[in-house]
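A short write-up of the structure that comes next.
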Amino acid sequence: MEPLGPARASCPLTLLGPGQAPRLLLLALLFGGTPGAQSEIQVSAPSLVEVMKGESVTLSCSISGVGSKEHLTLQWLVTDRSGDPSPLVFASGRMGALKRSGDPELKPSTPFQLHPNGSLQLLSAEMGDERNYTCQVTRTVDKAQATSHLRVLVTPEPPEVIPNKGTISVINDKAHEIATCTSRNANPAPNITWYRDGKALEIPTLVNGDPTENVQFWVASPAAPGGWVREGDTVNLFCRGDGNPTPEYIFTLKQGKKEEKSLETNTNGNLTLGRISRNQSGLYQCEVADFDADPGVELTQKLDIHVGYLDPLELSPGENVTMSFGETMELGCLASGDPTPKVFWTKDSIPLDQGPHLTLTNVTFTSTGIYTCEASVPKLPGLTRTRNLQLLVQGKPELKPEEMQPRGSSGWTEGDDVTLTCSARGHPTPELSWSHDGEPVNRIVSGWVQSSLKLKVTGTASREGVACKASNHLGDAHYTFHFEAVASQAPQAGVAVMAAAVSVGLLLLVVAVFYCMRQKGRCCRGREKVPPLPPEQEPSRPGVDRPEQTGLLLGGGGGGGTRGGHSFGDEC
308 MEPLGPARAS CPLTLLGPGQ APRLLLLALL FGGTPGAQSE IQVSAPSLVE
358 VMKGESVTLS CSISGVGSKE HLTLQWLVTD RSGDPSPLVF ASGRMGALKR
408 SGDPELKPST PFQLHPNGSL QLLSAEMGDE RNYTCQVTRT VDKAQATSHL
458 RVLVTPEPPE VIPNKGTISV INDKAHEIAT CTSRNANPAP NITWYRDGKA
508 LEIPTLVNGD PTENVQFWVA SPAAPGGWVR EGDTVNLFCR GDGNPTPEYI
558 FTLKQGKKEE KSLETNTNGN LTLGRISRNQ SGLYQCEVAD FDADPGVELT
608 QKLDIHVGYL DPLELSPGEN VTMSFGETME LGCLASGDPT PKVFWTKDSI
658 PLDQGPHLTL TNVTFTSTGI YTCEASVPKL PGLTRTRNLQ LLVQGKPELK
708 PEEMQPRGSS GWTEGDDVTL TCSARGHPTP ELSWSHDGEP VNRIVSGWVQ
758 SSLKLKVTGT ASREGVACKA SNHLGDAHYT FHFEAVASQA PQAGVAVMAA
808 AVSVGLLLLV VAVFYCMRQK GRCCRGREKV PPLPPEQEPS RPGVDRPEQT
858 GLLLGGGGGG GTRGGHSFGD EC
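Each residue of the sequence shown is one higher than the last, beginning at 308 in my numbering.
See the structure below:
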């Protein structure tokens with residue numbers, strides 16, 4: 308006996324008879340086939356899928372005949388209202404590991420998901436989702452597809468029973484209506500069964516006599532003729548059918564060559580587009596989902612909505628422009644919008660040229676300011692845009708003096724107060740200076756730099772004048788104020804002094820006369836009482852004044868004695 312070793316697989320050899328070898332070879336070829344051969348791809352899906360409204364539903368897509376490592380492309384298509392299939396979602400990858408790629412162009416009225424095995428799930432089915440859905444699988448050499456019809460079932464509302472209030476005859480053999488049972492908003496149309504004493508009655512169900520016959524669809528928000536609305540506005544679309552009961556309304560959008568897009572399904576017939584944008588322009592459609600309507604009734608209405616817009620304005624050469632004095636330049640304002648906007652320019656609210664271009668020729672400092680470009684869309688009142696351009700003109704200063712006239716008609720007089728004012732403008736802003744000492748007051752007035760200097764008129768100022776100067780790095784400007792016919796103040800001062808002296812002299816003269824008259828009166832009265840004696844002659848001595856010459860200085864009556872024995876005070 309040999310020792311035990313590792314387990315081994317054994318393949319016994321069997322000798323075949325003469326007729327058996329060809330059969331086995333043929334069998335091997337049948338099982339193996341030609342190397343590299345592929346079986347045909349097959350796709351299957353249920354032909355009808357039913358779901359209750361508001362519930363989730365999954366549309367399966369079974370794929371066979373494909374290897375586990377083969378690369379596939381899967382596409383779900385949905386049939387729009389016109390009956391044409393439109394792409395819904397794409398996916399690619401290996402079997403069981405498909406990944407969604409790209410965003411869908413056409414969205415159902417409810418959110419959906421694509422599973423790795425290729426099945427499509429609608430999270431909450433609505434009436435607008437009742438369509439044909441096609442699963443298409445493509446391989447390098449072939450493709451296959453299968454279609455499922457989705458039916459959205461709607462539970463009928465509780466029935467409403469209206470009894471006949473009239474009198475029912477039991478004698479007449481003719482059938483009489485006892486009551487009416489009405490069921491609304493169901494899909495498909497419900498069956499109504501009457502029971503008497505627990506037993507069903509065979510009474511036919513009649514379709515509602517008010518099938519929708521007319522559908523109206525309009526823009527409830529302010530809109531211009533032709534379906535124009537402003538970008539950014541809230542637009543309300545109203546759809547109304549005259550059927551009873553109120554049906555569901557299905558809203559869709561068709562944009563150019565793109566496929567139809569489902570928007571919303573509701574029972575109030577209102578579609579609100581908040582802050583509408585230009586990419587929402589297109590053909591809007593409202594469809595009334597009335598299953599009881601006559602097949603010949605047109606249950607759809609369409610509205611062509613154009614969203615007008617106006618992009619921000621573009622200025623050239625920019626918002627801040629500097630030009631040299633005397634230069635010429637063209638300003639531009641580009642306005643892009645739909646419908647085509649109109650452009651015009653203004654400066655300080657004064658209209659200038661129409662159109663996007665404004666030419667400024669031989670500019671001066673008066674050209675400095677804010678220029679406004681305004682664009683508007685005549686079809687859509689209120690759709691306007693504006694943009695401002697600040698223009699600066701650079702150059703040496705421009706000087707503007709303000710002459711002061713003398714107060715009196717006789718002209719300037721030395722010592723008069725006067726205020727001199729100079730105004731200058733330019734870019735860069737000029738500086739103002741004076742040739743006369745003082746403290747000028749500077750301020751800005753309507754774009755002008757203004758400087759005021761207060762001084763007294765003097766002979767020097769009259770002869771030399773007072774100059775103001777405005778300067779910046781591009782140059783300067785001068786102006787000199789002159790005072791002509793300045794009267795001197797000295798003669799007038801002498802006259803005043805002389806007049807004062809005369810007045811004082813006259814006053815002293817009046818006082819002296821009054822004093823003398825009073826003294827003379829006293830002398831006369833003394834003479835009447837005591838007759839005077841003749842004076843004693845006395846030789847005159849040089850250097851000694853006579854009493855008559857000094858009497859007034861020596862005092863009045865009885866002050867000092869004199870010869871002759873009479874008082875000097877009695878003399879006149």
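Every residue gets a Cβ at the ideal spot worked out from N, C-alpha and C, and that includes glycine.
Being a predicted model, the structure only gives us computed values, none of them experimental.
Taking C-beta atoms as the reference points, leucine 659 and isoleucine 677 fail to come closer than 9 angstroms. In this structure, valine 373 lies away from leucine 366, with their beta-carbon atoms at least 9 angstroms apart.
Burial state of tyrosine 591 is buried, judged by a 10 Å Cβ sphere holding 16 or more other Cβ atoms. Residue state for phenylalanine 821 is assigned as helix, using DSSP reduced to three classes.
In this structure glutamine 382 is buried. Its beta-carbon is surrounded by 16 or more other beta-carbon atoms within 10 angstroms. Straight across, the Cα-Cα distance linking serine 363 with asparagine 424 is about 18 angstroms.
The segment 589–644 is shown to contain whole beta strand (DSSP E) runs of 3 or more residues at 589–596, 607–617, 621–623, 627–631 and 636–641, in chain order. Within the segment 343–372, complete beta strand (DSSP E) segments of at least 3 residues are found at 349–351, 355–359, 364–366 and 369–371, given in chain order. Shortest Cα-Cα distance from threonine 445 to any of Lys654, Phe545, Arg537 and Ser399 involves Ser399. DSSP places serine 769 inside the alpha helix (DSSP H), whose first and last residues are 766–771.
In this structure, valine 350 lies away from serine 375, with their beta-carbon atoms at least 9 angstroms apart. For valine 820 and valine 809, the gap between their C-alpha atoms comes out near 16 angstroms.
For threonine 673, the secondary structure class from DSSP, reduced to helix, strand or coil, is helix.
For lysine 450, the enclosing beta strand (DSSP E) has its first and last residue at 450–460. When the alpha-carbon of alanine 451 is set against those of Val459, Leu457, Thr441 and Arg458, the nearest one is in Thr441. For glycine 782, the secondary structure class from DSSP, reduced to helix, strand or coil, is strand. DSSP places asparagine 573 inside the beta strand (DSSP E), whose first and last residues are 568–573. Here alanine 682 really is in contact with valine 650; their C-beta atoms are around 5 angstroms apart, less than 8 angstroms. Taken through DSSP and simplified to helix, strand or coil, alanine 682 comes out as strand.
When C-alpha distances from aspartate 618 are compared across Val817, Val459 and Pro648, the shortest belongs to Pro648. For aspartate 660, the enclosing beta strand (DSSP E) begins and ends at 657–661. In this structure, DSSP gives glutamine 712 a state outside helix and strand, which the three-state scheme calls coil. Note on geometry: alpha-carbon atoms of proline 465 and lysine 686 lie some 51 angstroms from one another.
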